[in-house]
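K.L.:
If you use the working numbering, the sequence shown closes out at 693, no skipped numbers anywhere. Just so you know, even glycine gets a beta-carbon here, dropped at the ideal spot from N, CA and C.
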Amino acid sequence: RKNLTVILRRVRLMLPVVEEVRDGNLLLPPSAVIAFQELHSVMLRAGELADELRESSQLWLLAECELYSTKLFELSRDMAAPLSMLPLSLLELPIEIKEQVELLKLQARRFKLFVDPVELDLQAKLLELLKEFEKKRTPSSDRIEELFKRLLLTSAKECQRELEQLRKLARKSSSRSPKACRINSLISFLCFSSCVLYGMVSEDPQLVTSLSLSSSSIPDEYKCPISLELMRDPVIIATGQTYDRSSIQRWVEAGNITCPKSGQKLIHMTLIPNFALRSLIAQWCEKNKVPFWMSGKDSRATVGVDHIANAQATIAAARMTASFLVGKLAMGPPDIQKQAAYELRLLAKIGMENRRCIAEAGAIPFLVSLLLSRDASAQENAITALLNLSIFDSNKSLIMTAGALDPIVVVLCNGHSAVARENAAATIFSLSTSDENKVAIGSKGQAIPALVELLQKGTQTGKKDAVSALFNLSLLEENKEKVVQAGAVTSLVENLEQYMDDEGNAELLENSLALLGLLAASEPGAKSIARTSAMSFLVRILESGSPREKENATAVLLALCRGGDHSVVRCLLTVPGSITALHSLLASGSSRAKRKATSLMKILQNW
87 RKNLTVILRR VRLMLPVVEE VRDGNLLLPP SAVIAFQELH SVMLRAGELA DELRESSQLW
147 LLAECELYST KLFELSRDMA APLSMLPLSL LELPIEIKEQ VELLKLQARR FKLFVDPVEL
207 DLQAKLLELL KEFEKKRTPS SDRIEELFKR LLLTSAKECQ RELEQLRKLA RKSSSRSPKA
267 CRINSLISFL CFSSCVLYGM VSEDPQLVTS LSLSSSSIPD EYKCPISLEL MRDPVIIATG
327 QTYDRSSIQR WVEAGNITCP KSGQKLIHMT LIPNFALRSL IAQWCEKNKV PFWMSGKDSR
387 ATVGVDHIAN AQATIAAARM TASFLVGKLA MGPPDIQKQA AYELRLLAKI GMENRRCIAE
447 AGAIPFLVSL LLSRDASAQE NAITALLNLS IFDSNKSLIM TAGALDPIVV VLCNGHSAVA
507 RENAAATIFS LSTSDENKVA IGSKGQAIPA LVELLQKGTQ TGKKDAVSAL FNLSLLEENK
567 EKVVQAGAVT SLVENLEQYM DDEGNAELLE NSLALLGLLA ASEPGAKSIA RTSAMSFLVR
627 ILESGSPREK ENATAVLLAL CRGGDHSVVR CLLTVPGSIT ALHSLLASGS SRAKRKATSL
687 MKILQNW
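#1: Taking the alpha-carbon positions, what's the residue 107 to residue 116 distance?
#2: Which residue marks the beginning of the beta strand (DSSP E) containing residue 713, and which one marks its end?
#3: Going by DSSP, what residue range makes up the alpha helix (DSSP H) through residue 684?
#4: Taking the CB atoms as reference points, tell me whether residue 642 and residue 686 lie closer together than 7 Å.
#5: Assuming the contact rule is C-beta atoms closer than 8 Å, residue 209 and residue 148 should be a hit. Round their C-beta distance to whole Å, please.
#6: Leaving out the 5 sequence neighbours to the left and right, which residues in its chain are closer than 8 Å to residue 321 when beta-carbon positions are compared?
#7: Of all the alpha helix (DSSP H) runs that stay within the bounds of the segment 555-602, which reach a length of 4 or more residues?
#8: Do the segment 118-138 and the segment 229-249 touch if we need at least three Cβ pairs shorter than 8 Å?
#9: Which parts of the segment 139-183 are runs of the alpha helix (DSSP H), unbroken and 4 residues or longer, counting only runs that do not cross its ends?
#10: Around the C-beta of residue 679, are 16 or more other C-beta atoms found within 10 angstroms, so that it is buried, or is it exposed?
#11: Tell me whether residue 342 is buried or exposed, calling it buried when 16 or more other Cβ atoms sit within 10 Å of its Cβ.
#12: Output yes or no for whether 7 Å exceeds the beta carbon distance between residue 408 and residue 469.
#13: Which residue comes first and which comes last in the alpha helix (DSSP H) that contains residue 428?
#14: Take residue 535 as the anchor and find which of 499, 564 and 503 has the nearest alpha-carbon.
#15: Quickly, what does DSSP pair residue 358 with across the bridge? List them, please.
#16: Would you decide whether residue 319 is buried or exposed? Buried here means 16 or more other CB atoms lie within 10 Å of its CB.
#17: Taking buried to mean at least 16 other C-beta atoms within 10 Å of its own C-beta, is residue 370 buried or exposed?
#18: Can you tell which of 677, 189, 353 and 616 has its C-alpha closest to the C-alpha of residue 647?
#19: So what's residue 673 in DSSP terms, helix, strand or just coil?
#20: Is the number of C-beta pairs between the segment 342-352 and the segment 266-273 that are closer than 8 Å three or more?
#21: Taking 7 Å as the threshold (C-beta atoms), are residue 608 and residue 581 in contact?
#22: So who's on the other strand from residue 344, going by DSSP bridges?
#23: Considering residue 328, what are the terminal residues of the beta strand (DSSP E) in which it resides?
#24: Would you mind working out which of 689, 118, 674 and 90 sits nearest residue 645, comparing C-alpha positions?
#25: How should residue 144 be labelled, buried or exposed, when 16 other C-beta atoms within 10 angstroms of its C-beta is the threshold for buried?
#26: Checking the sheet assignment: what are the DSSP bridge partners for residue 239?
#27: By how many angstroms is the C-alpha of residue 508 removed from the C-alpha of residue 255?
#28: Nearest to residue 619 by alpha carbon, out of 326, 575, 585 and 632?
#29: Assuming residue 635 and residue 671 make a contact with CB atoms under 8 Å, what is their CB distance in whole Å?
#30: Mind checking residue 234: buried by the 16 CB within 10 Å criterion, or exposed?
#31: Assign residue 204 to buried or exposed, taking buried as 16 or more other Cβ atoms, counted over all protein chains shown, within 10 Å of its Cβ.
#32: By DSSP, does residue 457 sit in helix, in strand, or in coil?
#33: Please report the distance separating the alpha-carbon of residue 104 from that of residue 159.
#34: Is the separation between the beta-carbon of residue 465 and that of residue 502 shorter than 7 Å?
#35: If you reduce the DSSP assignment to three classes, tell me which class residue 392 lands in.
#36: Which whole-angstrom value describes the C-beta separation of residue 552 and residue 541, a residue pair presumed to lie in contact below a C-beta threshold of 8 Å?
What follows is the structure, encoded as structure tokens:
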């Protein structure tokens with residue numbers, strides 16, 4: 087921060103100099119022009135770096151504080167050179183402006199590389215905590231909380247903002263670069279730590295603030311059933327009841343083996359922190375000015391973190407984070423399950439190792455059970471998490487084994503939201519890469535018709551997902567007839583008509599043509615295409631489409647001709663431009679396109 091402040095102050099001090107030159111219409115010698123050009127470049131870089139620092143994650147800046155200090159030092163050094171080049175004696179500038187330039191030159195030359203000791207101290211604390219985690223030891227949450235306070239990450243909301251900044255950095259980085267590895271480590275660290283310290287970050291801010299009170303009297307749900315006092319460290323016991331940790335520990339230590347409230351026997355003595363309730367209690371305390379301080383002697387949840395630069399520790403962080411969230415998914419109330427699914431959805435979006443760790447933690451069966459939730463958000467989180475997990479090949483069989491297919495089809499047919507239905511289609515597309523799954527999906531009576539309906543009525547994203555899934559399924563011969571019978575051909579031809587001249591939907595058009603080519607190779611498909619207005623669009627695409635569109639259109643026409651449809655041959659021979667378009671494809675198309683065009687030309691020549 088200090089380095090950035092110095093650089094920005096110098097940039098501001100340069101402004102009067104630049105304005106004086108601009109407004110004074112001075113005749114500048116060549117050396118002055120070059121110097122000002124260099125200064126302009128340095129000032130632009132300073133602005134870009136300032137924006138990067140302002141928008142970046144605090145944890146990332148802390149982890150890379152030496153790097154950014156060096157960048158700022160280099161900027162100061164680069165500013166000194168053009169300042170020294172300025173021929174002040176040749177410039178008609180006021181004396182105070184010249185003195186300001188001399189002062190800036192002196193400051194720039196004297197500027198030394200400076201790394202803030204405070205930032206180094208914080209970085210050392212972070213690395214120390216992460217190193218413990220690398221060794222599979224869990225540091226106390228008190229130390230994590232101390233670090234977070236110094237970084238002003240003092241609430242779930244602040245942690246959510248920090249997570250979003252880290253995720254933006256991750257999206258801008260190559261997925262396999264060392265930088266991406268470090269960022270993903272920090273994401274896992276922050277996600278887990280924020281869940282433990284402040285309760286799980288909700289996608290819906292209303293969830294953690296839904297309880298509003300008009301007085302400072304303690305709500306009954308915040309009181310421990312044993313002590314009737316405000317719970318500072320709520321934990322869940324085997325029966326599902328929540329108590330303050332110190333109270334239930336004293337109860338058990340006194341020799342009791344039953345739940346104080348229900349009288350049921352405790353099948354185990356594990357105490358599971360109720361982070362969601364603790365977060366709500368903390369917010370209530372803050373609102374009503376009630377102290378919510380927990381002394382070091384209180385038993386508190388511990389967290390695991392990962393090492394900043396070590397991929398192995400990154401995996402350990404993902405594993406611990408996944409286990410924590412799966413625990414919430416398995417035993418939490420509906421709102422907490424929804425939040426856990428949301429966090430798993432985000433975690434599964436980044437990296438194959440995360441997807442493997444989540445599956446190994448046992449998340450898949452619990453996510454499958456959420457697919458039939460009446461809560462639209464919970465359903466959407468669950469299907470999207472499964473979609474992200476299915477990208478990892480080994481997870482595909484786990485998803486199918488968990489009995490996910492039937493619920494996925496239910497979501498595809500009757501999902502609460504368009505996003506859920508679209509992601510169900512995308513999940514089917516991902517799962518259908520194996521022949522075994524193609525058979526299983528095709529055997530579900532509603533699956534293919536529901537995909538065709540999405541192709542007909544869905545958004546552009548939904549149509550893309552549907553046509554991709556239908557293409558994969560149609561690679562299996564027995565599914566082609568089912569796709570045709572469901573009315574896919576009519577919808578595909580409508581796509582040709584609607585998106586033929588729309589460059590923004592080129593991918594959808596190309597995929598629709600590719601699917602038509604597959605279906606045209608079957609007798610039912612060819613007959614269905616012949617009953618539509620497809621020919622006119624195919625010929626137009628052949629004449630003016632993109633290279634891939636032309637290739638796919640040629641594939642459809644070739645399949646129809648091979649199927650013995652003489653009307654297609656007559657159309658190609660009589661429509662002006664079609665033969666010319668095929669010759670053009672022979673001359674400039676890809677090797678695959680040339681093979682298809684050659685085969686089609688032979689059929690036309692032998693007619």
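P.N.:
Put simply:
#1: Cα to Cα, residue 107 sits roughly 14 Å from residue 116.
#2: The displayed coordinates of the chain run from 87 to 693. Any statement about residue 713 would go beyond what the structure contains.
#3: 677-691 is the span of the alpha helix (DSSP H), which, as asked, contains residue 684.
#4: In this structure, residue 686 does not lie closer than 7 Å to residue 642 by Cβ.
#5: So it is a contact: roughly 5 Å between Cβ atoms.
#6: The answer, listed in chain order, is 328, 329, 330, 331, 334, 357, 358, 359 and 360.
#7: Entirely contained in the segment 555-602, the alpha helix (DSSP H) runs reaching 4 residues are, in chain order, 563-571 and 574-585.
#8: The segment 118-138, when compared against the segment 229-249, does not touch it at the 8 Å Cβ threshold.
#9: Along the length of the segment 139-183, whole alpha helix (DSSP H) runs at least 4 residues long occupy 144-149 and 151-171, reported in chain order.
#10: Buried: at least 16 other Cβ atoms inside 10 Å.
#11: Exposed, since its Cβ has fewer than 16 Cβ neighbours within 10 Å.
#12: Remark: C-beta atoms of residue 408 and residue 469 do not approach each other more closely than 7 Å.
#13: In the DSSP assignment, residue 428 falls within the alpha helix (DSSP H) that extends over 420-433.
#14: When only C-alpha atoms are compared, the closest one is 499.
#15: DSSP lists 322 as partners of residue 358.
#16: By the Cβ neighbour-count rule, residue 319 is buried, with 16 or more other Cβ atoms within 10 Å of its own.
#17: Buried.
#18: With distances taken between CA atoms, residue 647 lies nearest to 616 out of 677, 189, 353 and 616.
#19: It is helical.
#20: By the C-beta criterion, the segment 342-352 is judged not to be in contact with the segment 266-273, since fewer than 3 inter-stretch pairs fall below 8 Å.
#21: In this structure, residue 608 does not lie closer than 7 Å to residue 581 by Cβ.
#22: In DSSP, residue 344 forms a bridge with 351.
#23: Per DSSP, residue 328 belongs to the beta strand (DSSP E) from 328-330.
#24: Closest by alpha carbon: 689.
#25: Buried: at least 16 other Cβ atoms inside 10 Å.
#26: Looking at the DSSP assignment, residue 239 forms no beta bridge with any residue, so it has no partner.
#27: Distance between the alpha carbons of residue 255 and residue 508: 27 Å.
#28: It is 575.
#29: A Cβ-Cβ separation of about 11 Å leaves residue 635 out of contact with residue 671 under the 8 Å criterion.
#30: Buried, by the Cβ-count rule.
#31: With fewer than 16 Cβ atoms within 10 Å of its Cβ, residue 204 is classed as exposed.
#32: Coil at residue 457, not helix or strand.
#33: If you take the alpha carbons of residue 104 and residue 159, they lie about 23 Å apart.
#34: In this structure, residue 465 places its C-beta atom within 7 Å of the C-beta atom of residue 502.
#35: Here the model assigns residue 392 a pLDDT of 28, short of 50, so the residue's position is not dependable and the matter cannot be decided.
#36: With 8 Å as the limit, residue 552 and residue 541 qualify as a contact, their Cβ atoms being about 4 Å apart.
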